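Peer 1:
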Amino acid sequence: MSLPLFPLNTVLFPGCILDLQIFEARYLDMIGSCMKKGVGFGVVCILDGEEVGIAPAGYALVGCEALITDFKQQDNGLLGIRVQGGRRFHVLRTEVQRDQLTVAEVEWLEDEPEQPLQDEDADLVALLKALAEHPMVEALNMGTEATGQQSLANQLAYLLPFAEVDKIDLLQLDDPQQRLDAIQALLDELQGELFA
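Residues 1 to 196 (full-length UniProt numbering) make up the sequence shown, in order.
1. Figure out for me which residue from Gly86, Thr102, Thr147 and Val52 has the closest Cα to the Cα of Trp108.
2. Using a threshold of 8 Å, state whether the C-beta atoms of Gln149 and Pro176 are closer than that.
3. What are the start and end residues of the alpha helix (DSSP H) that includes Arg98?
4. Compare the beta carbon distance of Leu170 and Ala185 with 8 Å and say whether it is the shorter of the two.
5. Just to confirm my understanding: we take Phe162, look at its own chain, exclude 5 residues before and 5 after, and list those with CB closer than 7 Å. What are they?
6. Return the bridge partner residues of Ile46 from the DSSP annotation.
7. Cβ of Ile17 within 8 Å of Cβ of Asn154?
8. Could you check if Val83 is buried or exposed, using at least 16 other CB atoms within 10 Å of its CB as the buried criterion?
9. Measure the Cβ-Cβ separation of Phe41 and Ala66 and say whether it is below 8 Å.
10. Taking the alpha-carbon of Leu152 as reference, which of Pro7, Ala126 and Arg26 has the nearest alpha-carbon?
11. Which residues in the same chain have their Cβ closer than 7 Å to the Cβ of Glu50, if we skip the five residues on either side of it in sequence?
12. May I ask you to report which of helix, strand or coil DSSP gives Ile54?
13. Judging by CA-CA distance, which residue of Ala182, Leu124, Asp166 and Asp181 is the nearest neighbour of Leu47?
14. Assuming Asp111 and Arg88 make a contact with CB atoms under 8 Å, what is their CB distance in whole Å?
15. Can you say whether Gly77 is buried or exposed, counting buried as having 16 or more other CB atoms within 10 angstroms of its CB?
16. Short of 6 Å in beta carbon distance, which residues of its chain neighbour Gln21, apart from the five on each side in sequence? Order them along the chain.
17. Beta carbon of Cys45, beta carbon of Glu164: below 8 Å?
18. Measure the alpha-carbon distance for Gln74 versus Glu24 and round it to whole angstroms.
19. Which residue from Val96, Ile68 and Asp70 puts its Cα closest to that of Gly53?
20. Alpha carbon to alpha carbon, how far is Leu5 from Val103?
Set out below in C-alpha cells:
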C-alpha cells in the first residue's frame, strides 16, 4: 500500500486528535489529493532532520494513519486541519519525490481486539480523566473516555509527556496490556525522577 508521509516532531496514536497548520506546497498538494480521494496520510516521528524544508533524513519506521476530520482557513491565512489517528503501519520502503514529499510503501499492523478495562487499570483511568481537564487536552475534543484497554493505552501514550523515542516504542506494541504496563513503567520512572 502506498502512503504519503508527513514526518513530524510528534507521535500520533490511533483514535487521537492532532491539529496541524499546513503551509508547504508539498503538503497542501498532499492534503488536497487525500481529501479528493477520501484517504488519509501517514504521520511518522522525525528522528533526524526538520519538519520544514527538505525531507528529513531519519524517522520512525512505525507510524499512524492520519484521517482528515476537519479543515479551515486560519486567521493567519494558513490551512488548518484536524486529523484523527487511524491504523498503525510499518514503513517497508520510501521514495522522496521532486517536491520533497516522501511516499512510503507500508504494511498495516494488526491491532489486538479491544479488551475490557480491568480493576488494576483504575489508576490509569483516573489519570486520563485528570488529563482531560487540561485546557490543551480539552481543546482537542478527543472525548477522553476510555472504551477499553486499547483506547486507554493509546490516549495516555499520546497525551503524557514521554520522550518521543518512548512513544515510538509504545506505538510498536500490539498488545494493549503490554502497552499499559510499559506506560506504568514510564510513569514510575518519571515519578522516581521527580522525587529523586
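Beta carbons: idealized from backbone N, C-alpha and C, even for Gly.
Owing to the predicted nature of the structure, the values given are computational and were not obtained by experimental measurement.
Peer 2: On the basis of the coordinates in this document:
1. Translated into the one-based positions of the sequence shown, residue 108 becomes position 108. Comparing Cα-Cα distances from Trp108 to each of Gly86, Thr102, Thr147 and Val52, the minimum goes to Gly86.
2. In the sequence shown, residue 149 corresponds to position 149, counting from 1. In the sequence shown, residue 176 corresponds to position 176, counting from 1. A contact, by the Cβ cut-off of 8 Å.
3. Taking the first residue of the sequence shown as 1, we reach residue 98 at position 98. Counting along the chain, Arg98 falls outside any alpha helix (DSSP H), and DSSP gives it neither H nor E.
4. Counting from 1 along the sequence shown, the entry for residue 170 is found at position 170. Counting from 1 along the sequence shown, the entry for residue 185 is found at position 185. No; because the gap between Cβ atoms is not below 8 Å, this pair is not in contact.
5. For this step, residue 162 is matched to residue 162 along the sequence shown. Beyond the five residues adjoining it in sequence on each side, Phe162 comes within less than 7 Å, by CB distance, of Leu186 in the same chain, given in chain order.
6. Locating residue 46 in the sequence shown gives position 46, counting from the first residue. Tyr59, per the DSSP bridge assignment.
7. The residue labelled residue 17 in the question sits at position 17 within the sequence shown. The residue labelled residue 154 in the question sits at position 154 within the sequence shown. Not closer than 8 Å, so no.
8. On the sequence shown, position 83 is the one that residue 83 refers to. Buried: at least 16 other Cβ atoms inside 10 Å.
9. As a first step, residue 41 is located in the sequence shown; it is residue number 41 there, counting from the start. As a first step, residue 66 is located in the sequence shown; it is residue number 66 there, counting from the start. Against a cut-off of 8 Å, the Cβ pair of Ala66 and Phe41 comes out as a contact.
10. Locating residue 152 in the sequence shown gives position 152, counting from the first residue. Among Pro7, Ala126 and Arg26, the Cα nearest to that of Leu152 belongs to Ala126.
11. Working through the sequence shown from its first residue, we reach residue 50 at position 50. So the qualifying residues of the chain are Pro56.
12. The residue you call residue 54 lines up with position 54 of the sequence shown. The answer is coil: DSSP assigns Ile54 none of H, G, I, E or B.
13. Sequence index remark: in the sequence shown, residue 47 carries index 47 (1-based). The candidate whose alpha carbon is nearest that of Leu47 is Asp166.
14. For the purposes of this step, residue 111 is taken as the residue at position 111 of the sequence shown. For the purposes of this step, residue 88 is taken as the residue at position 88 of the sequence shown. Taking 8 Å as the upper bound for CB-CB distance, Asp111 and Arg88 are in contact here, some 7 Å apart.
15. In the sequence shown, the residue the question calls residue 77 occupies position 77. That one is exposed.
16. Walking along the sequence shown from the start, residue 21 turns up at place 21. Leu78 and Gly80, listed in sequence order.
17. Position 45 of the sequence shown, counted from the first residue, corresponds to residue 45. Position 164 of the sequence shown, counted from the first residue, corresponds to residue 164. Yes, these two residues count as a Cβ contact at 8 Å.
18. Translated into the one-based positions of the sequence shown, residue 74 becomes position 74. Translated into the one-based positions of the sequence shown, residue 24 becomes position 24. Approximately 15 Å between the Cα atoms of the pair.
19. As a first step, residue 53 must be located in the sequence shown, where it is residue number 53. Ranking Val96, Ile68 and Asp70 by Cα distance to Gly53 puts Val96 first.
20. Walking along the sequence shown from the start, residue 5 turns up at place 5. Walking along the sequence shown from the start, residue 103 turns up at place 103. Straight-line Cα distance between these residues: approximately 6 Å.
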